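Q: Structure provided below as C-alpha cells; questions to follow.
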Amino acid sequence: MSSKIKSIRIHPGIGMARMGDSDEFFIGPEAPGVVVDPGGNNGPGPKGGSYRDGKSKLKRQAQRYRVYAYDAEGKVIGELTSKSDLVKSLRWRVHVRNMKAANYAFQGAYLFDPTQLRNPSIQPGKKPIERTQLIIDPGVQTIASGQAGPVVMKGDIFTGVEKGFLPGQLRYEGFTPKDISKDVEVTYKPAKGIELGQLRLDAQDRLLFIPSPGKGACVTTPKVALSNPSEFVNPPNGPENGKNPLTNQFAYFNVPGWWDDTCGGEIDVTVTLKDGSVLSTRDNVKKAMDEGTRNPQAGAWIITAPPKFSPYMYHVVSITDRVYEAFPEAYPYAKQKTNFYRDVYPIFANAVNYGWVSAEASGIAKAHRNAAHGPRQAGNLLSPMYMAFFTDPSEKSKSMRQMVYALMRHPAGKNGRLVDSLMPPPPQKPTSWKNDEFKRVELENLMPLLWGTAGKPKQNELLGNHFPNQFLALTAIQLNHIKEWADGNFEVGVLQKPLDLDKLPVKDQPRALDASALEPTIGGGFHPGIEFPYLIIYREFFAEAFRVGKNIEPGALAAYMSSPWHGDFWSCNSAWWPTQRPDVVFEYDQKNQTRTYREWFRGYDADGEPLSDTDGFNQMAYAWSKLGMVLPIKAKDGSFVKDNGAIVFTEHERSPDLNRPPAKSK
Amino acid sequence: MNFTRREFVIGFAATTALMGSGFSFAGTNDAASKVAIEKSIKANFGGGFSLISYSKSGSVTQAKIENFGNQYTVTSSNLIDWKIIQSSLSN
C-alpha cells in the first residue's frame, strides 16, 4: 500500500480551538452536526459530560489533527496513525504566534487604514511582522511519537520597551490625568512566558492542539483599563475628530499595552513509514528531521478563539459558508438539486434557535414582539403549521415559500458577495464599496436581522458613514437554495441524523473534518469577527478551500482580531453572534410552556459590582469563563424538549462564583 | 474629568434613587436600601433591568422590575437570590 501513497494532507485544513480557564480539555467536533460531549459525569453535555471541571473552571476545547494518505489521482487511501501497519512514527511541527499588538488598528473593515498601527509609538514605521517587540512568538515547536508531552508554547511581549506616552483620554486604573488633552507617560514591564497553547498526542499519535487559558493583561503603569473613551470624550467618535484609533469609537479593539493569549499558525507533519520512506506535508523533506518548506495544500492551520457558549446552535452564516463563497468549486452540493432538509431547513432551524439567546429574535424586545422567532412568535419557522407548507413542493404552498424568500436579505453588489465591496484586500485600503453597485438603503425589515460587516446601522448613521452590508446577509449559495425551494425546484429529503467521523466512509472523512471544524463559527458580520477575521472572505489569502496560503505568516490572520478580545466579546452584546455569546438566556416552565429571561452577562465582578454596561469592557476579562452555557432541555427519554416545534434552550453550568459578591467586598 | 465609569454611574444611580420613580423615600436609609436592591437586581437579572418599585415584609423583599418594556414581580429573602413570581411575558 505504501507505494500507492503519493501525498499526505492534514485535516482539518483550518482547525479551531477554544479557550477555557481549566487545565482540562475536550476534543472539538470532527463531523458536521455532531455536538461533542465535554467529558466527565453528571453534566448537561450530550452524553452527560460537564463543560466545567471540579473547580467550576471552563474546560478548553482542543482541536485534533489527523493525517490522510492520498493516491496519485488525489483519492483518499486512508488515515495514517501510529497504529497503522505502515507507520513507524509521526513528527508534528507547529509554529503559532500572536501578532495582535503589532498589527494594524481595527477600525471596521470598510475604514481599514494601513497607516494606523496598534501601539503606534513602539517600533514605529515598521510592518507588523517586523515589530518583534510586540509579537508573542514561541518559535517552531515539535512533538513526535514516543514523546510524552505536553509541549507548552510560550513567548514574551513588550520586551525592551521601557517608557512611552499614551493618550490622556484613555481610562487608567487608579489614575486620572489632570489634563486629558495631554499624553500620559507610562512605563512598560514585559510580559514573559505567555502560554499560547499546548501540543499533545492522542493514543494514535494524532496531534492535539490545546488552546491557551484565555488570559489577557496590561503591561503599563498606570494600567490602561478596557473601555471606549469615545463614549465620554467628544462623543460619538472621540477626540481628534475620531482620527486616533486609540481613542475613537474603535478604541476597544486596539487597547495599547494589552496582550491576550490567542494565536494562529501553521501545523505540519512528517510521517516515517516502516519501510524507511518519509512522507511530509512540507516540501523538500527527505529525512524525518528535515525542516523543509511549507506546502499550503498539505499543511494545516490553527486558530484559537473564545468559547462557544451555545454549542448546539449554529450561526446562519458560518466560516464554512464563507469558504464555499470564496471557493464555490469546493461546495459539495453545487450541481445537486436543492434538498429542503439538507439545504434550507438548517438555515430556518438556526434562525429559530436565536429565539433563545437574542432579545430581538426571541421577541422580548418591544420592536419585535410577536414578530420574532420565539416558540409562540410569528417567525417560529419550525412550527408544525409552517413545516407543513415548507415541505410541500406543490403550487398550493408556493406563495408561502415565496413570501419567505422575499424576506431574505441579499449582500450588496451585482455578484452578491461580501468581498466585492471590500477590495482591494488588506493591507491595502478598501475602495470598491464606493462604487455605485454597492449604494443602497440598508433595510431593517429583511432577514437575518443581525449586524453586518459594516457595523451597526445606527452607529454609522451617527457618524455619517454610508457603507453597504450593515446587516448580515446569507451567502449567494444559501440564497440560491432558498430561491430554488421557493420556486418549487426542490426535493424534500429527510432530516439526517449527524454521523460520527468513524461512521463515515473513509473517502468522506477529510471533508467532514474540514467542514466540521469551521461549521460552529461566525461567518459574519465581521467586525472584525469572533473566531476568524473578515480576511476569510478573500480568496487571495488561501491556497484552496480550507487551506491558508503559502505566504501567510503564523499569526498574521488572527492579528486582525480585537486586541484584547475581551472588550469586543462584551461589546457584541446585541444582535451580533448570540450563538457563541448569548445576549439573553431563558428559564422555561415545562408545565405551563412559559418562559422568562435574564441577561447572560450578569452577576458580580471581582469588586462586588454588578456586571453591566457600566463597566462591561473591563468586567468581561474577569467574567467570561464563569458565564453560563445554553443547552437543550432533555426529556426523560433523552430527546430534546420542544415548544411548538422549537427546541427549548436554557442556561446551564454558570459558575456559582458570579452569583455572590466576592467575600472581600461584602 | 473622572473616567471611572462605575463612579460616574453610581453617582447617577444614587441621584435617580433619591428622585424616585413613582416611589417616595422618607430618609437616607430608604435611599440606601433602594440602591442595594437595584444593585442586587442588576447582578441577578442583568444591568439592563431597572427597579420600578419595591416593598418589604420582614426579611422578604418584593420588587417590580422592568426590561425592554417587560415587567417581572420578584422576591428575595437575602437580596442575593431572586425568584420571579409574575411575568408580563406572553412568549
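Residue numbers (my numbering), protein chains in the order written: chain W, 342 to 1007; chain E, 0 to 90.
Think of the CB as a built atom: it goes at the ideal place given N, C-alpha and C, for glycine as much as any other residue.
These figures come from a predicted structure and were not determined experimentally.
For a quick check, are the C-beta atoms of S571 (chain W) and N959 (chain W) less than 8 Å apart?
A: no
Q: Is it true that the segment 958-975 of chain W meets the segment 902-914 of chain W, where meeting means three or more beta-carbon pairs spaced less than 8 Å apart?
A: Using a Cβ-Cβ distance cut-off of 8 Å, the segment 958-975 of chain W and the segment 902-914 of chain W are in contact, since at least three pairs of beta carbons, one from each stretch, lie closer than that value.
Q: Mind listing the chain W neighbours of L88 (chain E)? Cutoff is C-beta to C-beta under 8 Å, in chain order.
A: I705, T935, R936, T937 and Y938
Q: Output, in chain order, the set of chain E residues within a Cβ distance shorter than 9 Å of F942 (chain W).
A: Those within 9 Å of F942 (chain W) in chain E are G45 and G46.
Q: Under a three-way DSSP split, which group does D29 (chain E) fall into?
A: helix
Q: First and last residue of the alpha helix (DSSP H) that includes Y963 (chain W)?
A: G957 to A964
Q: Under 8 Å between C-beta atoms, does A700 (chain W) make it to chain E?
A: yes
Q: Assign Y674 (chain W) to buried or exposed, taking buried as 16 or more other Cβ atoms, counted over all protein chains shown, within 10 Å of its Cβ.
A: exposed
Q: Could you spell out where the alpha helix (DSSP H) holding D909 (chain W) opens and where it closes?
A: W906 to S912
Q: I need the DSSP call for L1022 (chain W), collapsed to helix, strand or coil.
A: Outside the shown range of chain W (342 to 1007) lies residue 1022 (chain W), about which nothing can therefore be said.
Q: Give me the Cα-Cα distance between S553 (chain W) and D364 (chain W), rounded to the nearest whole angstrom.
A: Rounded to whole angstroms, S553 (chain W) and D364 (chain W) show a C-alpha spacing of 9 Å.
Q: Under a CB-based cut-off of 8 Å, is I83 (chain E) close to chain W?
A: Yes - at least one Cβ of chain W is within 8 Å of the one on I83 (chain E).
Q: Could you tell me the distance, in whole angstroms, from the CA atom of P923 (chain W) to the CA atom of Y938 (chain W)?
A: 12 Å
Q: Chain E partners of Y963 (chain W), CB-CB under 9 Å?
A: The premise fails here: Y963 (chain W) is roughly 13 Å from chain E at the closest Cβ pair, so nothing lies under 9 Å.
Q: How would you write the range of the alpha helix (DSSP H) that D287 (chain W) sits in, first residue to last?
A: Any question about residue 287 (chain W) goes unanswered here, given that chain W covers just 342 to 1007.
Q: By the three-class DSSP mapping on this structure, what secondary structure does D954 (chain W) have?
A: Coil at D954 (chain W), not helix or strand.
Q: With DSSP run on the structure shown, which of helix, strand or coil describes W941 (chain W)?
A: coil
Q: With respect to the beta strand (DSSP E) encompassing H868 (chain W), which residues constitute its N-terminal and C-terminal limits?
A: Here H868 (chain W) belongs to no beta strand (DSSP E), and DSSP marks it neither H nor E.
Q: Out of E:G45, E:K55, E:G57 and E:S58, point me to the one whose CA is closest to E65 (chain E)'s CA.
A: E:G45
Q: Counting only the same chain and skipping the five closest in sequence on each side, list residues whose C-beta sits under 6 Å from that of G720 (chain W).
A: Shown here for G720 (chain W): same chain residues with a beta carbon closer than 6 Å to its own, the five before and five after excluded, namely A713 and H714 in chain order.
Q: Which same chain residues end up closer than 8 Å to I349 (chain W) when comparing Cβ atoms and leaving out the 5 residues on each side of it in sequence?
A: V408, Y409, A410, Y411, L421, V610, V612, L620, S621, T622 and A639
Q: How far does the alpha helix (DSSP H) with R663 (chain W) in it reach, from first residue to last?
A: I660 to A667
Q: Taking only beta carbons into account, state which residues of the segment 404-438 of chain W come closer than 8 Å to chain E, listed in chain order.
A: none
Q: Output the boundary residues of the alpha helix (DSSP H) element that contains M744 (chain W).
A: K739 to A747
Q: Classify E1010 (chain W) as buried or exposed, calling it buried when 16 or more other Cβ atoms lie within 10 Å of its own Cβ.
A: Because chain W is modelled from 342 through 1007, residue 1010 (chain W) falls outside the range shown and cannot be assessed.
Q: Within its chain, find whatever has a CB closer than 8 Å to the CB of G390 (chain W); leave out the 5 residues flanking it on each side and keep chain order.
A: The residues F367, D378, P379, G380, G381, N382 and G384, in chain order, have a CB closer than 8 Å to that of G390 (chain W) in the same chain once the five nearest residues on each side in sequence are set aside.
Q: Could you tell me the distance, in whole angstroms, from the CA atom of T74 (chain E) to the CA atom of P716 (chain W)?
A: For the pair T74 (chain E) and P716 (chain W), the Cα-to-Cα distance works out to about 27 Å.
Q: Mind checking T661 (chain W): buried by the 16 CB within 10 Å criterion, or exposed?
A: buried
Q: For T562 (chain W), which of W:E514, W:W600, W:S462 and W:Q811 has the nearest alpha-carbon?
A: W:E514
Q: In three-state DSSP terms, what is Y674 (chain W)?
A: coil
Q: With 16 as the cutoff for other CB atoms within 10 Å, does T517 (chain W) come out buried or exposed?
A: Its Cβ having fewer than 16 others within 10 Å, T517 (chain W) is exposed.
Q: Can you name the residues of chain W whose CB is closer than 9 Å to the CB of Y71 (chain E)?
A: The answer, in chain order, is T937.
Q: Is the beta carbon of P895 (chain W) sitting closer than 8 Å to the one on G557 (chain W)?
A: In this structure, P895 (chain W) keeps its C-beta atom at 8 Å or more from the C-beta atom of G557 (chain W).
Q: Just to confirm my understanding: we take A413 (chain W), look at its own chain, exclude 5 residues before and 5 after, and list those with CB closer than 6 Å. What are they?
A: K347
Q: Please return the same chain residues whose Cβ sits closer than 6 Å to the Cβ of G449 (chain W), not counting the five positions on each side in sequence.
A: G796
Q: Where do the ends of the alpha helix (DSSP H) carrying L537 (chain W) lie?
A: Run containing L537 (chain W): none in the alpha helix (DSSP H); it sits in the beta strand (DSSP E), A532 to L542.
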